[in-house]
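If you want this note's numbering, it's the position in the sequence shown, counting the first as 1, plus 7. The C-beta atom is built at its ideal place from N, Cα and C for all residues, glycine as well. Predicted model only: the values in this text are computed from it and were never measured.
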Amino acid sequence: MAADMNKCSPAPPPADIAAHDRSAVASAIKPNMKKQQHEEEGDEEWLRYLEPSKLEVFDQLEPWAEANVLPLLKPVEAAWQPSDMLPDPAMLGADGFHAACSELRARASGIPDAHLVCLVGNMVTEEALPTYQSIPNRFEGVRDLTGDSATAWARWIRGWSAEENRHGDVLNRYLFLSGRVDMRRVEGTVHRLIQSGMVMNAARSPYHGFIYVAFQERATSISHGNTARLAGEHGDAALARVCGAIASDEKRHEAAYTRVVGKLFEVDPDGAVRALAYMMRRRITMPASLMDDGCHAPSGDLFAEYAAVAQQAGVYRASDYRGIVEHLIKQWRVEELGDGLSGEGRRAQEYVCMQRGFSSGAASYRSRIYRTFVVYDSECTTCCM
Ligand SMILES: [Fe+2]
Ligand SMILES: [Fe+2]
Numbered sequence: 008m009a010a011d012m013n014k015c016s017p018a019p020p021p022a023d024i025a026a027h028d029r030s031a032v033a034s035a036i037k038p039n040m041k042k043q044q045h046e047e048e049g050d051e052e053w054l055r056y057l058e059p060s061k062l063e064v065f066d067q068l069e070p071w072a073e074a075n076v077l078p079l080l081k082p083v084e085a086a087w088q089p090s091d092m093l094p095d096p097a098m099l100g101a102d103g104f105h106a107a108c109s110e111l112r113a114r115a116s117g118i119p120d121a122h123l124v125c126l127v128g129n130m131v132t133e134e135a136l137p138t139y140q141s142i143p144n145r146f147e148g149v150r151d152l153t154g155d156s157a158t159a160w161a162r163w164i165r166g167w168s169a170e171e172n173r174h175g176d177v178l179n180r181y182l183f184l185s186g187r188v189d190m191r192r193v194e195g196t197v198h199r200l201i202q203s204g205m206v207m208n209a210a211r212s213p214y215h216g217f218i219y220v221a222f223q224e225r226a227t228s229i230s231h232g233n234t235a236r237l238a239g240e241h242g243d244a245a246l247a248r249v250c251g252a253i254a255s256d257e258k259r260h261e262a263a264y265t266r267v268v269g270k271l272f273e274v275d276p277d278g279a280v281r282a283l284a285y286m287m288r289r290r291i292t293m294p295a296s297l298m299d300d301g302c303h304a305p306s307g308d309l310f311a312e313y314a315a316v317a318q319q320a321g322v323y324r325a326s327d328y329r330g331i332v333e334h335l336i337k338q339w340r341v342e343e344l345g346d347g348l349s350g351e352g353r354r355a356q357e358y359v360c361m362q363r364g365f366s367s368g369a370a371s372y373r374s375r376i377y378r379t380f381v382v383y384d385s386e387c388t389t390c391c392m
């Protein structure tokens, strides 16, 4: 039975899958009551953004999106692919491939456990892309209604997803080749995360949604960028290149979404600032907050541990959250909004501007998460629960 297993031992072999899955699947697919409750709070406020007068804005902005957002995607011919970054047996031949893999493993051995755990967390997050492609496809007024819609919004969604798809692929391949992580447990964690979905406020409102993704793209750019820098400092140039390429993509995506929200601030400042205040009040939940390795829950919280390790390692800190809020407020010139704001809009503006300088502390504790994913030479004897 799964409950009797040493939960920090290597992931179960295929023969154990059926027994393991009976309890795991049951808990993973049960309705997320917390989220359901969450969606009901404040509904009337964001549901107003689904009225035709608000959604028409996106029809009117489509030519603008064609000219200003779509060019931020890279043509396939100019885009990097995972094969450009890591040893390719077809190109190197057997001997060359083995030599390149040995070198990769030697370099990877210098990456500290904390950074490796952050990398796993980033990889798990990226690999849950099916969940993220459905984010903008929930936004009324911009979603891809047919699956191959020719609108600028729909083409952006598909093009953005295609670029994102390389991120999980390349990180997965690096971690596999590094030989330093329990890939089966990592893969199970990805599996569970996609099953669980994600928590997001006002999920169908394009105003709130674009604010969310603008924030997230900047957060991921910071996280991958810091990982690249730290990998370089520890002598792993290949990993630095991988994470640097991802960070650069995230930066372009951030530019696109920040531009969309900037346009909303231009054409509907009252609606935009109220949506921003709504999102700030509830804080931006990270997309992988439901991450579950199958042995932390219900008494532990894997994502909280990942966040604490990222804080300690300098990969993504509480101060980064604050920095993103400050950056976006500045980008969207929230303080300068004047004419055209309703009373509610002015209160929202005040609230948002008050968020500057807000700081949240992150827990500092030695994490069991190392034992969950990192493969050590010696056998793990301490259970993670
Ligand atoms: Fe990404
Ligand atoms: Fe991105």
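Look up residue i in the DSSP assignment and give the residues it is bridged to.
| i | result |
| --- | --- |
| Val-188 | Val-381 |
Please classify residue i: is it buried, with 16 or more other beta-carbons within 10 angstroms of its beta-carbon, or exposed?
| i | result |
| --- | --- |
| Lys-337 | exposed |
| Leu-136 | buried |
| His-303 | buried |
| Met-130 | buried |
| Gly-347 | exposed |
| His-260 | buried |
| Met-98 | exposed |
| Asp-243 | buried |
| Met-280 | First, the amino acid is wrong: residue 280 is Val here, not Met. Buried: at least 16 other Cβ atoms inside 10 Å. |
| Ser-109 | exposed |
| Val-249 | buried |
| Gly-103 | exposed |
| Gly-100 | exposed |
| Asp-50 | exposed |
| Val-274 | exposed |
| Glu-257 | buried |
| Ala-88 | According to the sequence displayed, residue 88 carries Gln and not Ala. By the neighbour-count rule (16 or more Cβ atoms within 10 Å), Gln-88 is not buried but exposed. |
| Ile-331 | buried |
| Ala-25 | Annotation note: pLDDT 39 at Ala-25 (below 50); position unreliable, coordinate value reported separately. Its Cβ having fewer than 16 others within 10 Å, Ala-25 is exposed. |
| Met-361 | exposed |
| Val-316 | buried |
| Ala-115 | buried |
| Ala-85 | exposed |
| Gly-352 | buried |
Are the beta-carbon atoms belonging to residue i and residue j less than 8 Å from one another?
| i | j | result |
| --- | --- | --- |
| Pro-294 | Thr-132 | yes |
| Asp-300 | Arg-187 | no |
| Glu-58 | Tyr-285 | no |
| Leu-123 | Val-381 | yes |
| Leu-93 | Leu-184 | yes |
| Ala-226 | Tyr-323 | yes |
| Ala-159 | Glu-240 | no |
| Ile-142 | Gly-216 | yes |
| Asn-179 | Glu-134 | yes |
| Ser-212 | Tyr-313 | no |
| Glu-333 | Arg-363 | yes |
| His-138 | Met-298 | In the sequence on display, residue 138 carries Thr and not His. No, the Cβ-Cβ distance between Thr-138 and Met-298 is not below 8 Å. |
| Leu-446 | Ala-263 | The structure shown does not extend to residue 446, since the chain is modelled only from 8 through 392, so no value can be given for it. |
| Ala-210 | Arg-145 | yes |
| Val-268 | Trp-339 | yes |
| Ala-282 | Tyr-214 | yes |
Between residue i and residue j, what straight-line distance do the alpha-carbon atoms span, to the nearest angstrom?
| i | j | result |
| --- | --- | --- |
| Pro-17 | Asp-189 | Reliability fails at Pro-17, whose pLDDT of 47 lies under 50, so the model's placement of it is uncertain and the value that follows must be treated cautiously. Between Pro-17 and Asp-189, the C-alpha separation is close to 7 Å. |
| Asn-208 | Ser-296 | 13 Å |
| Gly-278 | Ile-164 | 23 Å |
| Gln-318 | Gln-67 | 42 Å |
| Glu-342 | Tyr-358 | 11 Å |
| Val-127 | Gly-117 | 16 Å |
| Ile-218 | Leu-309 | 26 Å |
| Ala-107 | His-174 | 21 Å |
| Val-177 | Cys-125 | 15 Å |
| Ala-254 | Leu-246 | 12 Å |
| Lys-81 | Trp-71 | 18 Å |
| Gly-166 | Asn-75 | 14 Å |
| Val-149 | Met-205 | 20 Å |
| Ala-113 | Glu-224 | 32 Å |
| Ala-169 | Leu-77 | 13 Å |
| Ala-320 | Ser-326 | 13 Å |
| Ser-90 | Ala-238 | 20 Å |
| Lys-270 | Val-64 | 10 Å |
| Gln-202 | Asn-172 | 18 Å |
| Asp-151 | Ala-161 | 5 Å |
| Ile-229 | Met-287 | 19 Å |
| Gly-307 | Asp-120 | 20 Å |
| Phe-272 | Gly-350 | 16 Å |
| Leu-344 | Gln-140 | 32 Å |
Please decide whether residue i counts as near chain D, where near means a Cβ-Cβ distance under 8 Å.
| i | result |
| --- | --- |
| Glu-69 | Judged by its chain identifiers, the structure shown contains no chain D, having just a single protein chain. |
Just checking, does the stretch 144 to 156 make contact with the stretch 221 to 239 on the three C-beta pairs under 8 Å criterion?
no
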